[in-house]
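> Throughout the sequence shown, residue numbering follows UniProt numbering, covering 1 to 765 in sequence. Beta carbons: idealized from backbone N, C-alpha and C, even for Gly. No experiment lies behind these values; they were computed from the predicted model shown.
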Amino acid sequence: MLLFENNSVENTMATEPLFFRIYLENDKNRLEELLKKKQHISIHDQIDTQLDDLIKSKLPKKKPSAEELKHLKKLHIGDLSMQEYGVWVYYPWSERLVHLLDEEEFIEMRTSRNIYKITREERDILGRQKVGVVGLSVGQSVSITMAMERGFGEIRLADFDLLELTNLNRIRTGVHNLGLPKVVIVAREIKEIDPFLKVTLFEDGMTEENMDRFFLEGGKLDVIVDECDGLDIKILLRHKAKALRVPVVMDASDKGTLDVERFDLEPDRAILHGLIDHLDHTKIKYLKTNEEKIPYLLPMVGLETSSDRLKASMVEVGQSITTWPQLASAVALGGALGADVCRRIALGQYNDSGRYFVDLEEIISDKVKPEDDFYKVIDYSAPELKLDEMQKAADIVATEIHSKLTLTHEQVKELAAAAGLAPSGGNSQPWKFLYHKEQLFLFHDENQSISWMDFQNTASYISLGAAIENLKIKAASLGLETTINLFPAGSDSRLIAAFGFSKEEGQTYRNELIAGVGLRLTNRKKGDQQPIDAAVTAKISKNVTIDEPNAHLDLVEDRDSINEIANIVASVERLRFLHPQGHHDLFTKEIKWPSADGSPIIEGIDIATLELSESDRTGMMVAAKPEVITLLNKWGGGSAFEKISKGGVASSSAIGLISMPEYSPESFVKGGEALQRAWITANLNGLSFQPISGTLFVFDRFNQTNGAGMTANMAKELESLQYDLRKIFPALGNNCGIFMFRLSYADEASSRSLKRPLEDILKFS
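#1: Indicate the three-state DSSP secondary structure (helix, strand or coil) for residue 2 in the structure shown.
#2: Can you tell me whether DSSP reads residue 647 as helix, strand or coil?
#3: In or out: residue 437 buried (at least 16 other Cβ within 10 Å) or exposed?
#4: At the level of alpha carbons, what is the spacing between residue 827 and residue 205?
#5: Is it the case that the region 525 to 534 contacts the region 648 to 657, given that we only count it when at least three CB pairs across the two stretches are under 8 Å?
#6: Quick check on the DSSP output: the alpha helix (DSSP H) that includes residue 668 runs from which residue to which?
#7: What span of residues does the alpha helix (DSSP H) with residue 242 cover, start to end?
#8: Less than 9 Å separating the beta-carbons of residue 222 and residue 43?
#9: So, helix, strand or coil for residue 389, using DSSP?
#10: Could you tell me which residues DSSP pairs with residue 181 in its beta bridges?
#11: What does the alpha-carbon distance come out to for the pair residue 112 and residue 82?
#12: Between the beta-carbon of residue 766 and the beta-carbon of residue 105, is there less than 9 Å?
#13: So what's residue 66 in DSSP terms, helix, strand or just coil?
#14: Under the rule that 16 or more other beta-carbon atoms within 10 Å means buried, what is residue 145, buried or exposed?
#15: Report the three-state DSSP secondary structure of residue 40 (helix, strand or coil).
#16: Which term fits residue 152, buried or exposed, when burial requires 16 or more other beta carbons within 10 angstroms of its beta carbon?
#17: On a Cα-Cα basis, can you pick out the residue from 667, 423, 518 and 605 that is closest to residue 487?
#18: Just to confirm the assignment: which complete alpha helix (DSSP H) runs, minimum length 4, are found wholly within the region 321 to 388?
#19: With a threshold of 7 Å on Cβ separation, who are the neighbours of residue 448 within its own chain once the five nearest residues in sequence on each side are excluded?
#20: Who are residue 440's beta bridge partners in DSSP?
#21: Could you pull the DSSP bridge partners for residue 485 from this structure?
#22: Hey, residue 311 and residue 628 are a contact pair by Cβ (cut 8 Å); roughly how many whole angstroms apart?
#23: Inspect the CB distances between the region 316 to 323 and the region 242 to 262 and report whether three or more fall short of 8 Å.
#24: Could you work out which residue in 370, 286 and 435 is closest to residue 231 when comparing CA atoms only?
#25: Using the Cβ count rule (16 or more neighbours within 10 Å means buried), how would you classify residue 746?
#26: Starting from residue 691, trace the alpha helix (DSSP H) both ways and give me its first and last residue.
#27: Report the partner residues of residue 250 according to the DSSP bridge assignment.
#28: If we ignore side chains and look at the alpha-carbon of each, how far apart do residue 665 and residue 495 end up?
#29: Report the residue ranges of all alpha helix (DSSP H) runs contained in full by the region 686 to 733; include only those spanning at least 4 residues, in chain order.
#30: Exposed or buried, residue 459, counting other C-beta atoms within 10 Å across all chains shown (16 or more means buried)?
#31: Taking the CB atoms as reference points, tell me whether residue 769 and residue 387 lie closer together than 9 Å.
#32: Measuring CB atoms only, is the region 376 to 387 touching the region 163 to 171, in the sense that at least three cross pairs come out at less than 8 Å?
#33: Considering only their Cβ atoms, is the gap separating residue 738 from residue 696 smaller than 9 Å?
#34: Which residue wins for smallest C-alpha separation from residue 540, given the options 31, 578 and 510?
#35: Have a look at residue 621 and residue 639 and give me their C-alpha separation to the nearest angstrom.
#36: If you run the structure through DSSP and keep just helix, strand and coil, what is residue 130?
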């Protein structure tokens, strides 16, 4: 039968020990009554050895013999018996009774081995300090370390949380304390180290309502240690500390990051080193979601200075783990750093502010760093297409196509400008136009587009086809009929097309699309899943095939198929993120972040056009690091990358796929022309349009290279995903997939991709 009397209700939340000086009659009677009532109390009496140490400490130059020591102790305690000397301290939560030297002698002996790291005068200064600690994970380590050094006379502890099993990876306590308030656990441990220290508890944590009491009741704090999780409290306590001129110390338990803000010496100092001065502090307490909090959190965390493992772990929060990881070693280091800095602040030995790093992995590391065999990438590059090269190629084929009409330079500029508005993979804009000997030529500038995703130039050919379509539509609006000689120098040439023009007679080519050439854009916002009118889908289908009968369009509108496509696209996106080369190209060639000088982004995909939430945008910043991707691959993580595209695709009203009968450069160019007609038609009819063809491009590379450069698991998954997509689009069994896109009714796009200036893409010989 289990006995629980040692865990009686009256002791459950006790944090103050009882003191009995039994040379006083009243204390002696109280202790006798306690011992009668609780006969199972555990008694610990080592007063004899404590007195030995006390006497020896008074005679550092002499080592007294056993007889001398016995005599000196007798003289020291005088008329009192050994049992009466000192103080008996009863700990109700553990039901232990401990015999100790009384306060003055206890302090002298407990700190004797600090001398002269801390002198007696410095010890006494520290003993008058009032320290506040908010948050008791790292805060526990700081509190206990300071208690061991006797770095305060009073400590105020604030935390509303109960100890959970998951906390035991970093909080030094026992399993018997599970379910107890953290403040109670820390207070007890401090009292068991030194029962004479004053511990004040704020079991509701720090709040806006009790903040004044925490800082001022019983005397103003001398320093406050911030280790709380609450964003609003982090900011509010700093404003309070600044107003009261109280220094703030904070450890981040990652890379030994320590923040010090000396509001006592710098009352005008910006909080958190000015990192969040651009944000409205008054709104903080009203922030509810992570999306709202992230702009404040990121500067505090210091995303760029965080460890690789913490960055990679951030991607996995909410996926394979529930919260940010912390290690006992980092927390212990944080306790040491926090305690050390608080001590030196109190003693006037440190008078500065700043963010500091004591990164053990950097300080103590292999002198020769092992090479990373996983993240091996190629910086794909091609020489820029020069004017003399274009002229030479144009001269060879100039006689094969004759223009019946000589264009003015203004007409040429209008045609090239319209063509330059076409879509391109990663907004690479791989085109260059040359007007030479009264003819117009279109070239592929591989310098703009070469990448892992543009295997055998297929993505570029689609873009160049879209540019050709724009040019034809614009020419018709100018009263011109266009003749095209596709790949006049052969399909392995960078010369894509030569154009001839004549006066158009009768029907104007696709005159209903001209208004959409400049209107067309990518909109990645989520749709409302509203069904598309059949007349609109019929228009789109007609414009795909009307000038290219070999083009085939499938439109999927049932929800189950759309959701399945969303899963496929999201999974391929994850694999692309995790593939070193795919990742490298995505973040070095495609995704572009705002520059410090605010200059416009005219190449690549402006991060603003991705319509990301704040948390997803942060995820992209973290994911840009090769070290993060390497770790995620080792851990089998990265599922968070699926959410970037999955929600948007699933919100679509329809998914379209354009295919052609054969795999050839001509098919991709013609497919690009068909794509542009579909895109413009959709936009003109109020539909949002977003390419999701990255899936097809990854499948293409996988198929054409038999999975070269991919892990066995990645190849196996791609094979399965491709099989699933073919079940939804049976045309892929015989046809070559050219382009896949989503259609939806959605809010207007926040921004659009910009284009290179005309002088970059058009040359006159």
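According to the structure shown:
#1: By 1-based counting over the sequence shown, the position of residue 2 is 2. At residue 2, the pLDDT of 37 sits below 50, so the modelled position is not reliable and the matter cannot be decided from this model.
#2: On the sequence shown, residue 647 is found 647 positions in, with the first residue counted as 1. Helix, per DSSP.
#3: Residue numbering aside, residue 437 sits at position 437 when the sequence shown is read from its first letter. Answer is exposed; the Cβ neighbour count stays below 16.
#4: What is shown of the chain runs 1 to 765, which leaves residue 827 out entirely.
#5: yes
#6: Start at 1 with the first residue of the sequence shown, and residue 668 comes out as number 668. Segment 665 to 684, the alpha helix (DSSP H) holding residue 668.
#7: Position 242 of the sequence shown, counted from the start, is the residue given in the question as residue 242. Element bounds for residue 242: 231 to 244.
#8: By 1-based counting over the sequence shown, the position of residue 222 is 222. By 1-based counting over the sequence shown, the position of residue 43 is 43. The answer is no: Cβ separation not under 9 Å.
#9: The count along the sequence shown starts at 1 and reaches residue 389 at position 389. Correct three-state label for residue 389: helix.
#10: Residue 181 sits at position 181 when you count from the first residue of the sequence shown. Answer is 162, bridged to residue 181.
#11: Counting from one through the sequence shown, the residue named residue 112 turns up at place 112. Counting from one through the sequence shown, the residue named residue 82 turns up at place 82. For residue 112 and residue 82, the distance between alpha carbons rounds to 22 Å.
#12: Given a span of 1 to 765 for the chain in the structure shown, any question on residue 766 remains unanswerable.
#13: Here residue 66 corresponds to residue number 66 of the sequence shown, with the count starting at 1. It is helical.
#14: For this step, residue 145 is matched to residue 145 along the sequence shown. Looking at its Cβ environment, which holds 16 or more other Cβ atoms inside 10 Å, residue 145 is buried.
#15: Within the sequence shown, the letter at position 40 stands for residue 40. Three-state result, residue 40: coil.
#16: Residue numbering aside, residue 152 sits at position 152 when the sequence shown is read from its first letter. Looking at its Cβ environment, which holds 16 or more other Cβ atoms inside 10 Å, residue 152 is buried.
#17: In the sequence shown, residue 487 corresponds to position 487, counting from 1. The shortest C-alpha separation from residue 487 is found at 667.
#18: 328 to 346 and 360 to 363
#19: Here residue 448 is taken as the residue at index 448 of the sequence shown, counted from 1. Answer for residue 448: 428, 429 and 430, listed in chain order.
#20: Taking the first residue of the sequence shown as 1, we reach residue 440 at position 440. Its beta-bridge partners are 435 and 499.
#21: Residue 485 sits at position 485 when you count from the first residue of the sequence shown. DSSP, once it has assigned bridges, lists 498 as partnering residue 485.
#22: Here the question's residue 311 lines up with position 311 in the sequence shown. Here the question's residue 628 lines up with position 628 in the sequence shown. About 5 Å separates the two Cβ atoms, so the contact holds.
#23: no
#24: Position 231 of the sequence shown, counted from the first residue, corresponds to residue 231. When only C-alpha atoms are compared, the closest one is 286.
#25: Counting from one through the sequence shown, the residue named residue 746 turns up at place 746. Answer is buried; the Cβ neighbour count reaches 16.
#26: Walking along the sequence shown from the start, residue 691 turns up at place 691. Here residue 691 belongs to no alpha helix (DSSP H); instead the beta strand (DSSP E) covers 688 to 691.
#27: Residue mapping note: residue 250 aligns to position 250 of the sequence shown, counting from 1. Paired residues: 259.
#28: To locate residue 665, count along the sequence shown from 1; it is residue 665. To locate residue 495, count along the sequence shown from 1; it is residue 495. Approximately 12 Å between the Cα atoms of the pair.
#29: 694 to 705 and 712 to 728
#30: Within the sequence shown, the letter at position 459 stands for residue 459. With 16 or more Cβ atoms within 10 Å of its Cβ, residue 459 is classed as buried.
#31: Since the displayed the chain opens at 1 and closes at 765, residue 769 lies outside it and no answer follows.
#32: no
#33: Numbered from 1 along the sequence shown, position 696 holds the residue referred to as residue 696. Numbered from 1 along the sequence shown, position 738 holds the residue referred to as residue 738. In this structure, residue 738 lies closer than 9 Å to residue 696 by Cβ.
#34: Against the sequence shown, residue 540 aligns to sequence position 540. Ranking 31, 578 and 510 by Cα distance to residue 540 puts 510 first.
#35: Counting from 1 along the sequence shown, the entry for residue 621 is found at position 621. Counting from 1 along the sequence shown, the entry for residue 639 is found at position 639. Cα-Cα distance, rounded: 16 Å.
#36: Within the sequence shown, numbered from 1, the residue matching residue 130 stands at position 130. In the structure shown, residue 130 sits in a strand (DSSP, three-state: E or B).
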